[in-house]
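So the structure is just underneath, and the comments pick up after that.
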Amino acid sequence: MNEVIEKIIYEPWPWWVGGPLIGIFVIALLLIEGKQLGISSSYQYVCAKLSPIKLDYFKNVENVAWQFWFAIGLVLGGVIIYGVIPVYQINISPNSIQSLQEIGISPQVGYAPEELYNFSLKSILLLVLGGFFIGFGARYANGCTAGHAIMGCAQLSPASIISTIGFFIGGLIATHFVLPFIF
Amino acid sequence: MKSLKYILYGIIFAIILIKVEAVSWFRIQEMFYFQSFHMYGVLFSGILVAMIGVFIIRKFSSIEVKPKPLQFKANTIGGISFGIGW
Numbered sequence: 152m153n154e155v156i157e158k159i160i161y162e163p164w165p166w167w168v169g170g171p172l173i174g175i176f177v178i179a180l181l182l183i184e185g186k187q188l189g190i191s192s193s194y195q196y197v198c199a200k201l202s203p204i205k206l207d208y209f210k211n212v213e214n215v216a217w218q219f220w221f222a223i224g225l226v227l228g229g230v231i232i233y234g235v236i237p238v239y240q241i242n243i244s245p246n247s248i249q250s251l252q253e254i255g256i257s258p259q260v261g262y263a264p265e266e267l268y269n270f271s272l273k274s275i276l277l278l279v280l281g282g283f284f285i286g287f288g289a290r291y292a293n294g295c296t297a298g299h300a301i302m303g304c305a306q307l308s309p310a311s312i313i314s315t316i317g318f319f320i321g322g323l324i325a326t327h328f329v330l331p332f333i334f
Numbered sequence: 002m003k004s005l006k007y008i009l010y011g012i013i014f015a016i017i018l019i020k021v022e023a024v025s026w027f028r029i030q031e032m033f034y035f036q037s038f039h040m041y042g043v044l045f046s047g048i049l050v051a052m053i054g055v056f057i058i059r060k061f062s063s064i065e066v067k068p069k070p071l072q073f074k075a076n077t078i079g080g081i082s083f084g085i086g087w
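Going down the list, the sequences are from chains H and G.
Start counting the first sequence at 152; every next residue gets the next number (our numbering).
Start counting the second sequence at 2; every next residue gets the next number (our numbering).
What follows is the structure, given as structure tokens:
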């Protein structure tokens, strides 16, 4: 029994455990709280609270206030995991390790490569620029991977399917045409 | 108290996303190289389970599940922008 619990805590979960759990989480959030999963509306909430300019877009943000607290919980969850589980090397496919080496990213422990988080001017600029694309895109498309790709696609909503296709086109562009020229 | 509740939801969701490695930059790159089924498995099984749940909730309860409004241009441009950052 203890071994099972240890395995659950310390070893990564296969997709067929984590994926369905995400689905169950979505259903629980709907059933218990009546909320549709979403994260990036928390940007709207924070901007509305901090902005000195009053825009129409910033009205009625109280119904997305929960997402602000939800996002704080997401960060705390990360901190907890970081405190409990030692960092390990993500077991990606050998082909991907090779593809990444070809663009200058070495195999290493952790969830993201050091080349991206070494606090050099280049990495800071990259992260800020990436953040700009994410922030602008999530709000302009009216949702992110949580709200559109999971919650929206689960409803087969046209807006969400188009947005999710957009996420993939953008990701493919960045992976194949931008990243190779950066590192 | 309400805020505390949603912080707790956030912690739970974060643990799921981290344990299944969906937060990993390496996993996301692997997905965009089409070199592993892992992330596709996470996304498709998550969506499938949620879809069944939404279907049942719509049928048997009064809880509203509203799709987001279609804004073709914004969804496309915003989507691609988000993807580049992703």
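All residues carry an ideal CB built from backbone N, CA and C; glycine is no exception.
None of the values given here were measured: they were computed from a predicted structure.
> Roughly how many whole angstroms lie between the Cα atoms of Met52/G and Ser271/H?
Replying inline: 43 Å
> If you measure from the beta carbon of Met52/G to each beta carbon in chain H, is any gap under 8 Å?
Replying inline: yes
> DSSP state of Gln259/H, grouped into three classes?
Replying inline: coil
>> Given a cut-off of 8 Å on the beta-carbon distance, is the pair Gly286/H and Gly84/G in contact?
In response: no
> Would Ser63/G be called buried (16 or more neighbouring beta carbons within 10 Å of its own) or exposed?
Replying inline: exposed
> If we ignore side chains and look at the alpha-carbon of each, how far apart do Asn242/H and Asn269/H end up?
Replying inline: 22 Å
> Which of the residues in the stretch 277–293 of chain H, read from start to end, lie with their CB under 9 Å from any CB of chain G?
Replying inline: Leu280, Gly281, Gly282, Phe283, Phe284, Ile285, Gly286, Phe287, Gly288, Ala289, Arg290, Tyr291, Ala292, Asn293
> Quick one, are the C-beta atoms of Val55/G and Trp166/H less than 8 Å apart?
Replying inline: no
>> Checking 8 Å against the spacing of the C-beta atoms, do Val215/H and Gln195/H come in under that value?
In response: yes
>> Quick check: the Cα distance between Ile254/H and Gly169/H, rounded to an integer number of angstroms?
In response: 30 Å
> What does Lys60/G reach in chain H if we use C-beta pairs closer than 7 Å?
Replying inline: Correct list: empty, because the minimum Cβ distance to chain H is about 13 Å.
> Whole alpha helix (DSSP H) runs in the stretch 230–260 of chain H with 4 or more residues, listed along the chain?
Replying inline: 245–253
> Between the Cα of Gly303/H and the Cα atoms of Pro70/G, Gly42/G, Phe35/G, which residue gives the shortest distance?
Replying inline: Pro70/G
> When the distance is taken between beta carbons, is Ala305/H closer than 8 Å to His299/H?
Replying inline: no
>> What residue range does the alpha helix (DSSP H) around Trp87/G cover?
In response: Unbroken run through Trp87/G: none, as it is neither H nor E.
> Cα separation between Val238/H and Val260/H?
Replying inline: 6 Å
> Under 8 Å between C-beta atoms, does Val325/H make it to chain G?
Replying inline: For clarity, residue 325/H is Ala in the given sequence; the question names Val instead. Yes, Ala325/H lies at the interface with chain G (some Cβ there is under 8 Å from its Cβ).
> At a Cβ threshold of 8 Å, is Cys304/H touching chain G?
Replying inline: yes
>> Would Leu251/H pass as an interface residue toward chain G - the criterion being a Cβ-Cβ separation below 8 Å?
In response: yes
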